[in-house]
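Presented below is the structure to which this report refers.
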Amino acid sequence: MDLLCPSSEGWGPLSPSRPVDFTTCFEHGVLVTGVNALFLVVAIVRMRTLRHAPMLPRALVVGSLFWVKLSLAVATLTAS
């Protein structure tokens, strides 16, 4: 068990040393994993619905607004 949770607080869920706080192992092992699993399920469902949706016309997809959004996104990523 020490390999999975090296913290001295253990798996918890409540920390014995900090009042009203989860242990680090409980947060990383249960809460974060649960949120990530939920995200994967929602992403898979969304990808399936988008895959079966009708395609948009090319004139609607690639226009001047598309290039403005793309350049703003690149500038934001470069600046951060």
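When we follow the numbering used here, the leftmost residue of the sequence shown carries the number -11, and every step to the right adds one. Glycine is no exception: its CB is placed at the ideal position from the N, C-alpha and C atoms.
Residue i by DSSP, collapsed to three states: which one?
i     : result
L2    : strand
S(-5) : coil
S59   : helix
V8    : coil
G53   : A small fix is needed here, since residue 53 is Leu in this sequence, not Gly. Reduced to three states, the DSSP call for L53 is helix.
L26   : helix
M43   : coil
Once the 5 residues before and after residue i are set aside, which same chain residues still bring their CB inside 8 Å of it?
i     : result
S(-5) : T11, T12 and C13
D9    : L2 and S3
Quick one: what's residue i bridged to in DSSP?
i   : result
F14 : DSSP lists no partner for F14.
Got a sec? Which residues, its chain only, sit under 7 Å from residue i by beta carbon, not counting five neighbours each side?
i   : result
L44 : none
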